[in-house]
Structure formats: C-alpha cells, structure tokens
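Below is one structure, written out as structure tokens, with a few remarks after it.
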Amino acid sequence: MKTVVSLQDLVDADIRPQNLLAEYYVRLERDVRAFWARAQLHDVTCPGCSRAETAVAFERFGATYRQCATCGSVFVSPRPDEEALVSFYRTSPAARYWRDQVWPSTEATRREKLARPRAEWVIEGLAEYASTAVAGLDLSPYGGPVIEELSAEGKRMTAGGWLADIEMGSSSSKIDVRPLRTSSIGVVSPVDFVTAFDMVDRAADAPALFRAVAGVLPPGGLMFLTASNADGFDLQVLWEQAPTFSPPDKLNVLSIDGMLSLFGGPAWEVLECSTPGLFDVEQVRRAVAADPTANWPGMVRRLLARGPSAAEDFQEFLQRHRLASFARLVVRRC
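Position one of the sequence shown corresponds to residue 1147 (our numbering), numbered consecutively onward.
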C-alpha cells in the first residue's frame, strides 16, 4: 500500500480566506442549529469500523460528535438522513453563501492548486492501475473543476454529486450531469472509475454509499477519494476548537484505522492511503496566536517557536506517518 508525501506550494489563505470563512461559519451555525432542531435524527454506529461502542466527544452547532472506542473515528450521531442533507445543501442560506461568495473568490486558485493536481493524480492512477479506463463517475461536492479537467483528458464523465446541476448546469456532449442519491447510483452502471473528493465526510451513510459504488464498478475498477483524518495533528491538538469539526460538512471524520476498516472487506483493495495535508501546523499556529494565554501543550509552543523551517519539517513528518488531517485513498474493486 502506497503512502505519498506532498511538497506542493500552497498557502492556506489562498483557498480559505479567513474573512469569508468567518462569516460562513456564523451563517452555518445559525442554519445548522435550526436544521437540527426540526430534522428527524437517528443514531448511527461508527461509519468507519461499524462498531457501536462510542462516547460523546463534544458538541458543535447543536450536533453531537461521538468518538469510536475501537478505531478513534469522530462522527455526528444522531444525524439526519440523506434527503434532509441534500435539501440543506441545496437551499440553506449558508450553502448559498458558500456558492455565491466563498467559492467564486477562490475558484481560480482552487482550480490551479487543487483541481488540476487532483485530476493529475487520477490520470496517473488510472495509467498505473487501469490503463483502459474511460468512463468516470464523480460524486464530489463542488466537483466541477476536476470533472472538467478529466473530461479535457478524454474521460467520459458523469457529474453525480448532490449539487451537480446547480454547479454545472445541464448536460453537454462531454459531461452527463445527473445529481444522484445513494439509492440511484446504480443507474450509471457500469463505469470504470469513481471520484469522491470530500464525500466521505458528508455521507449520511458511508458504508451504504460505498456499497452502492462497488455495485457500479467492475473488478479492477478504481475509486479515488479524499477525506479528513481524525488522526491529524491539528485536529488532535485543537479538538473541539478545530474548525474542521463543522456539521454537516464533516459528519464523518474517520481515523486511518477507520478508513482502512471501511474498505477492508472483500469488495475492496486499498492501493494508496496517504495524508499529504499541508496546513496542520498552520492551523495550530493560528489558534495559538488567537489565544496565546490558553493552556497549550509545551511541545506545541516549542515547535512553533522554532520558526518556519521546523514547521515545514514537522509537516512533512506528519505526512510520512499518516498524521496530517487531509487524507487521500485509491481503492480497487475486487
């Protein structure tokens, strides 16, 4: 199983402008609290290893995060079902603010620094593991730029994310736009590969989602996905203060063990599991700067005092040992 280290030149503020994000989180908290108060919620077991033994970790925006006693994954329970989540993402004021304000302000940088490298990762993975693959299904939220990059590389893409029609408009001769639910993924069968960037985090029922994906991939078909990693340095240090833990964008924050359990059955083989995250130390630095008198661990203060070179070296260490908070996986259908 491959592990990749990234030395990409990318500045956090380029893709996450703090002024817009601050306003987004204010709106998100208001909307989520109202949504959770009226939604029908149901308890779930760990979305990674499926174990039931959990404990309350903390609350955020009125939603309860629990931590799995077995794999350490962190997830929201109780939670709404998929239809309620889709409605929230399509109609809530916070979601509209993201689409109308946050996303456009960073679209060019995201396309250059995120979408293009992700598309290159997919193309390279297909060349290595499935060289004849042509038909692809994307299930990502805001997956349009990657879909367009893959289409330009000659892949026949279906845009199947919840918001595909809002983001991309109608189908074209090269891209088939059809928003899908877990229950309807089978209508696009068969495909050669699937991309699901940031979808693990949002899935109402992650095991059911990936069972459905397994149903449309032939043996040897590939899935490329990204997710937040509960083992990540900034999440472990900041815990309930970490901005990452924001429902419903992060219903599921799986640990590496949780991810490997999710894809550890007979349907899947994990070809790559990496954490090439770039911003763990920067997120912690920003939190310490905002509240310097808090009881931060001495080791954290010493690391930050060593300056940029130490921060870069430590971030690379986190990547090598799967301890950065951004993860990516390539899994193959068996």
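We put the beta carbon where it would ideally sit given N, CA and C, even for glycine. Given the structure is predicted, the values throughout are model-derived calculations rather than measurements.
Query	Result
Got a sec, what are the start and stop residues for the alpha helix (DSSP H) D1380 sits in?	1379 to 1384
Taking Cβ to Cβ, would you say G1194 is nearer than 9 angstroms to A1352?	yes
Cα separation between L1156 and K1259?	Reliability fails at L1156, whose pLDDT of 48 lies under 50, so the model's placement of it is uncertain and the value that follows must be treated cautiously. So the alpha carbons of these two residues sit roughly 7 angstroms apart.
In this structure, what does DSSP give as the bridge partners for S1374?	F1472
Note down the Cα distance separating V1434 from S1277, rounded to an integer number of angstroms.	47 angstroms
Return the CA-CA distance between A1305 and S1318, expressed in angstroms with no decimal places.	11 angstroms
Does the Cβ-Cβ distance between F1409 and F1356 come in under 9 angstroms?	yes
Tell me whether T1255 sits in a helix, a strand or coil according to DSSP, three-state version.	helix
Please state whether the Cβ-Cβ distance between D1426 and G1378 is less than 9 angstroms.	yes
Would you report the Cα separation of P1394 and G1300, rounded to the nearest angstrom?	34 angstroms
Roughly how many whole angstroms lie between the Cα atoms of F1391 and R1206?	7 angstroms
Ignoring anything shorter than 4 residues or poking outside the region 1296 to 1360, list the alpha helix (DSSP H) runs there in chain order.	1310 to 1314, 1345 to 1348
Closer than 8 angstroms is the cut-off here; do at least three beta carbon pairs connect the region 1181 to 1200 with the region 1226 to 1240?	yes
Can you say whether A1159 is buried or exposed, counting buried as having 16 or more other CB atoms within 10 angstroms of its CB?	For A1159, the predicted structure reports a pLDDT of 49, less than 50, and the residue's modelled location is therefore unreliable. A value from the coordinates is still provided. A1159 should be labelled exposed.
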